[in-house]
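A.B. asks: Pasting in a structure now, in structure tokens, and then I'll have a few things to ask.
Protein chains: 2
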Amino acid sequence: MPHSAKPPALNPRRNLAGEVLLALRAEIISGHLQPGDALAEPVLAKQFGSSRAPVREALIELEREGLVQFELTGRTKVRTLTEQDFDEIRDARVALESMAARRASATWAPEDSTCLEQNIARQAKASTLAELSRLDVEFHEYVMRLAANTRLLTLWQSIRWQFEMCLASTHRLQQTLACRPHQITVSSHRHLLTALASGKPEVAAQKMALHIESSMEWSPSEISTADHLTGLATETHRR
Amino acid sequence: MPHSAKPPALNPRRNLAGEVLLALRAEIISGHLQPGDALAEPVLAKQFGSSRAPVREALIELEREGLVQFELTGRTKVRTLTEQDFDEIRDARVALESMAARRASATWAPEDSTCLEQNIARQAKASTLAELSRLDVEFHEYVMRLAANTRLLTLWQSIRWQFEMCLASTHRLQQTLACRPHQITVSSHRHLLTALASGKPEVAAQKMALHIESSMEWSPSEISTADHLTGLATETHRR
DNA sequence: GAGATCTAAAGTGTCGACACTTCGAGTCAA
DNA sequence: TTGACTCGAAGTGTCGACACTTTAGATCTC
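So the protein sequences, as listed, match chains A and B. Going by the working numbering, the first sequence opens with residue 43, and the numbers climb by one from there. Going by the working numbering, the second sequence opens with residue 43, and the numbers climb by one from there.
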């Protein structure tokens, strides 16, 4: 999906830390690094063939993104997401994305609908749950960019990776419960798109909130990155 | 004002970088460091009697808080806030704080009203506009903490310093236009508190949005940290 | 065998150094 | 006078080193 006109480039610093960040984030999201795993600076530095400085910078960013946790002892671990974290992320998303939907719908253009329809079409054909999650996040990022508010976008981006982990977990849970995640996701986004394109900001905002509430209604008792790989499901279910 | 039960301690790392961060932030907020001023790591390191590492860490955090800007050349400057930034911050606040008000009002306790009433009483007696701004921010931080959502709180804290700069600028503009900033602020927060304590989450959320919209209605053409000190006013006024 | 104690290994916080890049005052040519 | 050029000065990105702290296995005691 092509992105909105506005390029991000919020932090123009281009350095080794950025590459380490990307690599570490990918390993956490993919589940290669699991919750609780230790992230020692010297070990990672050797692994990436760099010194500790860029690694340290990347870890600080990952902590801000909520994927990593600094212990009181100073050590760093991959963070474990609990059900409460799941709820918190849902509320934060509702807050940020409802406002974004409100602003985006005020300046909605036909090509925006085209872009998002293409995204939904690809959702329907997604071959893996990971791909479905990625497309889902991309849909929402597009709306966030349309809002043309760098603050809102930056805030959203700082929770987007936690959000992506939650999403994958939700999709997987839906599948084990014999709901069709593709079908649910596609249908939900189609309804949302109608509201976004309606030209009614308040309707768009409200529908976005409902969309997020419903899409994150299925909350596993613990969101583990390992779920991505193992396919094991926790049977717990809220409400 | 006593803070809510929950301590923050989101990042338990206690190091020199934290002290440098506090000092630099204070200098920017106070206007001692002005927009556009260069922030060179070796210069600051010598100033703080430290090496560059802690300074670098602090600058990265300040960039995340929006008080500092990394140029494409790699240099670092104190950021200039424009009218568009002002609008962005207002929308971001409405998004985050409306949700916080919704959640906070659901678990409202009498002592919360007492705390905030004390804050309002101090607003009325604030001797300087800077103190009025500080109390205003404290009021809103209290509500954010009551929401008991660390994501929401963290996101809010990452824009709170920009917000404080905007607020001070607004108050000053109100004063030059012969509106009484104390009176406006006190009255507005009193109405908001009533809504928060009403036990109706949706009313609380809506009133919070209206409160923020009205409190940030007066937008100077450029929000300069220098305003704090010089007292010079830009006469531009939106709407 | 269980618990307390010791100790080497490993980790963080901080530092100064070096290479490369960017800036800006001074110089030179038109 | 103005514009391009030069070349130190200053700044960033990165590195390896050291001191102090925490960890975890080994040892000792009861």
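For glycine and all other residues, C-beta sits at the position ideal for the given N, C-alpha and C. Please read these numbers as outputs of a predicted model, since none were measured by experiment.
(1) Buried or exposed: residue 80 of chain A, going by 16 or more other Cβ atoms within 10 Å of its Cβ?
(2) Report all residues from its chain with a CB closer than 6 Å to the CB of residue 250 of chain A; omit the five preceding and five following residues, and keep chain order.
(3) Start and end of the alpha helix (DSSP H) containing residue 88 of chain B?
(4) Buried or exposed, going by whether 16 or more other CB atoms sit within 10 Å of the CB of residue 111 of chain A?
(5) Using a C-beta cutoff of 9 Å, does residue 87 of chain B count as contacting chain A?
(6) How would you label residue 120 of chain B, buried or exposed, when you count the other beta carbons within 10 angstroms and need 16 or more for buried?
(7) How is the alpha helix (DSSP H) around residue 167 of chain A delimited, first residue to last?
(8) Thinking just about the alpha-carbon of each residue, which of B:181, B:148 and B:178 is nearest to the one in residue 328 of chain B?
(9) Is the CB of residue 108 of chain B under 9 Å away from at least one CB in chain A?
(10) Using DSSP with H/G/I as helix, E/B as strand and the rest coil, what is residue 197 of chain B?
(11) If the cut is a Cβ gap below 8 Å, which residues of chain B does residue 162 of chain A touch?
(12) So is residue 56 of chain A buried or exposed if we call it buried at 16+ other beta carbons inside 10 Å?
(13) In this structure, what does DSSP give as the bridge partners for residue 185 of chain B?
(14) What do you get for residue 247 of chain B, buried or exposed, if any count of 16 or more other CB atoms within 10 angstroms of its CB means buried?
(15) Can you tell me whether DSSP reads residue 239 of chain A as helix, strand or coil?
(16) If we call anything under 9 Å between Cβ atoms a contact, is residue 99 of chain A one with residue 102 of chain B?
(17) Where does residue 115 of chain A sit, in a helix, a strand or coil, going by DSSP?
(18) Going along chain A, which residues have a C-beta under 8 Å from residue 136 of chain B?
(19) Going by DSSP, name the residue or residues bridged to residue 110 of chain B.
(20) Using DSSP bridges, identify the partner residues of residue 80 of chain B.
(21) Three-state secondary structure (DSSP) at residue 61 of chain B?
(22) Near residue 146 of chain B, what residues of its chain come up, given a Cβ to Cβ distance below 6 Å and the 5 sequence neighbours on each side ignored?
(23) With distances taken Cα to Cα, identify the nearest neighbour of residue 77 of chain A among A:123, A:226 and A:150.
(24) Going by Cα to Cα distance, which pick from A:257, A:235 and A:256 is closest to residue 150 of chain A?
(25) Tell me the rounded alpha-carbon separation between residue 116 of chain A and residue 254 of chain B.
(26) Between the stretch 63-74 of chain B and chain A, which residues of the former have CB atoms less than 9 Å from a CB of the latter, in chain order?
(27) Please determine whether the Cβ atom of residue 99 of chain B lies at a distance below 8 Å from any heavy atom of the ligand PLP.
(28) Does residue 254 of chain B get closer than 9 Å to chain A when you measure Cβ to Cβ?
(29) Does DSSP classify residue 44 of chain B as helix, strand or coil?
(30) Considering only C-alpha positions, which residue in the set A:194, A:227, A:68 and A:72 is nearest to residue 132 of chain B?
(31) Which of the three DSSP states is assigned to residue 258 of chain A in this structure?
(32) Given that residue 11 of chain A touches chain B, what residues does it touch there, using C-beta distances under 7 Å?
(33) By Cβ distance, which residues of its chain are closer than 7 Å to residue 239 of chain B, with the 5 residues on each side in sequence left out?
C.D. replies: So, from the listed chains and residues:
(1) The residue given as residue 80 of chain A occupies position 38 in the first sequence. Answer is exposed; the Cβ neighbour count stays below 16.
(2) Position 208 of the first sequence, counted from the first residue, corresponds to residue 250 of chain A. Around residue 250 of chain A: 139, 140 and 143.
(3) What you label residue 88 of chain B is simply residue 46 of the second sequence in a count that begins at 1. Unbroken alpha helix (DSSP H) run through residue 88 of chain B: 83-90.
(4) Taking the first sequence and counting its residues from 1, the one referred to as residue 111 of chain A is at position 69. Buried: at least 16 other Cβ atoms inside 10 Å.
(5) As a first step, residue 87 of chain B must be located in the second sequence, where it is residue number 45. No, because no Cβ of chain A sits closer than 9 Å to the Cβ of residue 87 of chain B.
(6) Locating residue 120 of chain B in the second sequence gives position 78, where the first residue counts as 1. So residue 120 of chain B ends up on the buried side.
(7) Indexing the first sequence from 1 puts residue 167 of chain A at position 125. Here the alpha helix (DSSP H) through residue 167 of chain A covers 152-167.
(8) Residue 328 of chain B lies beyond the stretch modelled for chain B, which goes from 43 to 281, so this question has no answer here.
(9) Counting from one through the second sequence, the residue named residue 108 of chain B turns up at place 66. Closer than 9 Å to the CB of residue 108 of chain B there is at least one CB belonging to chain A.
(10) Position 155 of the second sequence holds residue 197 of chain B. Helix.
(11) Reading the first sequence from its first residue, position 120 is the one you call residue 162 of chain A. Here the premise fails: no neighbours, minimum Cβ distance about 25 Å.
(12) As a first step, residue 56 of chain A is located in the first sequence; it is residue number 14 there, counting from the start. Exposed, by the Cβ-count rule.
(13) As a working note, residue 185 of chain B is residue 143 in the second sequence. For residue 185 of chain B, which the question treats as bridged, DSSP gives no partner whatsoever.
(14) Numbered from its first residue, the second sequence carries residue 247 of chain B at position 205. When all chains shown are included, residue 247 of chain B counts as buried.
(15) Stepping through the first sequence from its first residue, residue 239 of chain A is reached at position 197. When secondary structure is reduced to three states using DSSP, residue 239 of chain A falls in the coil class, being assigned neither helix nor strand.
(16) Counted from its first residue, the first sequence places residue 99 of chain A at position 57. Counted from its first residue, the second sequence places residue 102 of chain B at position 60. Yes. Within cutoff.
(17) In the first sequence, counting from the first residue as 1, residue 115 of chain A sits at position 73. Reduced to three states, the DSSP call for residue 115 of chain A is coil.
(18) Residue 136 of chain B sits at position 94 when you count from the first residue of the second sequence. Residues of chain A passing the Cβ test: 141.
(19) Looking up residue 110 of chain B in the second sequence gives position 68. Residue 110 of chain B is bridged to B:120.
(20) The residue labelled residue 80 of chain B in the question sits at position 38 within the second sequence. Paired residue(s): B:119.
(21) Counting from one through the second sequence, the residue named residue 61 of chain B turns up at place 19. Reduced to three states, the DSSP call for residue 61 of chain B is helix.
(22) Here residue 146 of chain B is taken as the residue at index 104 of the second sequence, counted from 1. Once the five neighbours on either side are set aside, the close Cβ partners of residue 146 of chain B are 185, 188 and 189.
(23) As a position in the first sequence, residue 77 of chain A is number 35, starting the count at 1. Put simply, of A:123, A:226 and A:150 the residue whose alpha carbon is nearest the alpha carbon of residue 77 of chain A is A:123.
(24) Mapped onto the first sequence, residue 150 of chain A falls at position 108. Among A:257, A:235 and A:256, the Cα nearest to that of residue 150 of chain A belongs to A:235.
(25) Sequence index remark: in the first sequence, residue 116 of chain A carries index 74 (1-based). Sequence index remark: in the second sequence, residue 254 of chain B carries index 212 (1-based). Approximately 38 Å, taken between the alpha carbons.
(26) Listed by position along the chain: nothing, the set is empty.
(27) Of ligands this structure carries none, so the ligand PLP is not represented either.
(28) For the purposes of this step, residue 254 of chain B is taken as residue 212 along the second sequence, with counting starting at 1. Chain A contact via Cβ: absent.
(29) The residue given as residue 44 of chain B occupies position 2 in the second sequence. Because residue 44 of chain B carries a pLDDT of 47, less than 50, the predicted location of this residue cannot be relied on, and no value is offered for it.
(30) Within the second sequence, residue 132 of chain B is the residue found at index 90, counting from 1. Each of A:194, A:227, A:68 and A:72 was checked against the Cα of residue 132 of chain B, and the nearest Cα belongs to A:194.
(31) Working through the first sequence from its first residue, we reach residue 258 of chain A at position 216. If DSSP states are grouped into helix, strand and coil, residue 258 of chain A belongs with coil.
(32) Summary: the structure shown does not reach residue 11 of chain A, with chain A confined to residues 43 through 281, and so no result is reported for it.
(33) Position 197 of the second sequence, counted from the first residue, corresponds to residue 239 of chain B. Annotation for residue 239 of chain B: 150 and 155 place their beta carbon closer than 7 Å to its own, counting only its chain and skipping 5 residues before and after.
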